[in-house]
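Numbering (this note's numbering), first residue to last: 5 to 129. The beta-carbon is built from N, C-alpha and C at its ideal position, and this holds for glycine as well. This structure is a prediction, so every number in the text was calculated from the model and none was measured.
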């Protein structure tokens, strides 16, 4: 389902002075906001950059998903489905976010399907 690669958990995290696994975990804390903050601060650490990009893209995907569900909510007769879709999306995002934070803390590079490879490309630029 998703690729896992081990990354180091020791050493300085660069601009923050945090260990890379801590900085990577914190990228997911407040979705795209903390992802953007760590992306700007940790310019040289590719592991942290990867998790920052992945958190940003996950936040964008969540926003897009909720936007689609909101539009569906205005369609007569189908609108009630949006309540169920919203709940499913919320639970799914919560699970993915928790897994991403745990994997980042463990020092693993967990690629979220679709989003992960894009984040990896951005981090390697």
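Contact the region 70-80 vs the region 41-61: 3+ CB pairs below 8 Å: no
Contiguous alpha helix (DSSP H) assignments of at least 4 residues, all confined to the region 69-124: 85-109
Coarse secondary structure for residue 27, derived from DSSP in three states: Your numbering for residue 27 matches position 23 in the chain shown. Residue 27: helix per DSSP, three-state reduction.
Residues of its chain near residue 78, where Cβ-Cβ distance is below 7 Å and the 5 sequence neighbours each way are ignored: As a working mapping, residue 78 is identified with position 74 in the chain shown. Correct list: empty, nothing qualifies.
Alpha-carbon spacing of residue 13 relative to residue 80, whole angstroms: One-based indexing of the chain shown puts residue 13 at position 9. One-based indexing of the chain shown puts residue 80 at position 76. Any reading at residue 13 must be qualified, since the residue scores a pLDDT of 45, below 50, and its modelled position is unreliable; the value itself is stated next. Whole-angstrom Cα-Cα distance: 52 Å.
Cα-Cα separation, residue 49 to residue 20: Mapped onto the chain shown, residue 49 falls at position 45. Mapped onto the chain shown, residue 20 falls at position 16. In a straight line, the C-alpha of residue 49 is about 11 Å away from that of residue 20.
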